[in-house]
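See structure below.
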Amino acid sequence: MLDSVIKGKVWVFGNDVDTDVIIPGKYLRTTDMQVFADHAMEGIDPEFPRKVGKGDIIVAGDNFGCGSSREQAPLALKHAGVSCVVARYFARIFFRNAINVGLPLIEADVECREGDEMEINLLEGTVRVNGQTYRGNRLPDFLLEILTDGGLVAHRKAAQQK
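Listed below in structure tokens is the structure:
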């Protein structure tokens, strides 16, 4: 179930964070979500899986999630406890994979530092941090519905039961 207001501690990454650093290829042969969680962002920060907490938020620059189409990248972040990813721009395939697996995200140009507390309102498309409010790209209702249901598979199951 999606909470439209997300609050958490910020982890900051730069531009062009690719799927190979989000979840290195050597871990892709498993379906164990804990393995993904234990190695999330390992390719860019080997300590991240031990530092990240449930509900934390990743903030990045341009082209977050570029590289391969691996669905495991947003799964790794979600299962590591990341509640949302904020970036100026997402690689389109990562954007869609995140929605499909139920990982909220928002495109916004935000100024913050690692460790800051952030509040994201998905329904408004806003990000609040350090007393500033940033307007991001609000997700369309149909994507919010998919996130609310927990991802695309859960959304389709819910639709079939109606």
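My numbering puts the first residue of the sequence shown at 644, with every later residue one more than the last. Cβ atoms here follow ideal geometry from the backbone N, Cα and C, with glycine treated the same way. The model shown is predicted, which means the values in this text are computed figures rather than measured ones.
Pairwise C-alpha distance: residue j and residue i
{"i": "residue 683", "j": "residue 763", "result": "22 Å"}
{"i": "residue 665", "j": "residue 647", "result": "25 Å"}
{"i": "residue 748", "j": "residue 690", "result": "23 Å"}
{"i": "residue 681", "j": "residue 662", "result": "15 Å"}
Residue i, buried or exposed, once every other Cβ within 10 Å from all chains shown has been counted against 16
{"i": "residue 735", "result": "exposed"}
{"i": "residue 758", "result": "exposed"}
{"i": "residue 814", "result": "There is simply no residue 814 to check, as the chain begins at 644 and stops at 805 in what is shown."}
{"i": "residue 699", "result": "buried"}
{"i": "residue 804", "result": "exposed"}
{"i": "residue 713", "result": "buried"}
{"i": "residue 773", "result": "exposed"}
{"i": "residue 673", "result": "exposed"}
{"i": "residue 740", "result": "buried"}
Chain-order list of residues whose beta-carbon lies under 6 Å from that of residue i (same chain, five-residue window excluded)
{"i": "residue 742", "result": "786, 789"}
8 Å CB neighbourhood of residue i in its chain, flanking five on each side removed
{"i": "residue 776", "result": "769, 770"}
Cutoff 7 Å; reference residue i; Cβ partners in own chain excluding five residues on either side
{"i": "residue 670", "result": "678, 679, 682"}
{"i": "residue 801", "result": "792"}
(message) Threshold first: 3 residues or longer. Then list the beta strand (DSSP E) segments lying entirely within the region 664 to 743, N to C.
(response) Taken in chain order, the whole beta strand (DSSP E) runs of length 3 or more contained in the region 664 to 743 are 700 to 703, 727 to 730.
(request) Could you tell me whether the region 693 to 707 touches the region 717 to 724, where touching means 3 or more Cβ pairs closer than 8 Å? (result) Enough Cβ pairs lie closer than 8 Å, so yes.
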